[in-house]
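Peer 1:
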Amino acid sequence: MNEKKIEEEKIIRDANINNALGIFILVFGIIIIISSIFTETSIGQMTNLIAGILLGLIGFGMIVKSKKNINKINRVNLYE
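In our numbering, the protein residues as written are 796 to 875.
#1: Across the segment 858 to 871 and the segment 806 to 823, are there enough close Cβ pairs to call them in contact, namely three or more that are closer than 8 Å?
#2: On the three-pair Cβ rule with 8 Å, is the segment 867 to 874 touching the segment 826 to 836?
#3: Buried or exposed, going by whether 16 or more other CB atoms sit within 10 Å of the CB of Ile838?
#4: Which of the three DSSP states, helix, strand or coil, is assigned to Asn866?
#5: With a threshold of 16 other CB atoms inside 10 Å of the CB of Ile820, please say whether the residue is buried or exposed.
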């Protein structure tokens, strides 16, 4: 295998790992947002809501970035 093929496989492998991690973080953020409903104090509700939103955005960003990397590699291989 040539160096370019090895590098592309590494990028795809890393993108798949980031996709799985992004899904986990997104789901965890959603769980934290839902748990803010059951928090007794208003400061706890705000803290959980903000933390859930931040985790959700980070997870969503990881998913989008990994999909872009996979699509970029697939597009390059399509034209070769």
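In this text, a Cβ means the ideal position worked out from N, Cα and C, and glycines have one as well.
Peer 2: Result, derived from the coordinates:
#1: yes
#2: no
#3: exposed
#4: helix
#5: buried
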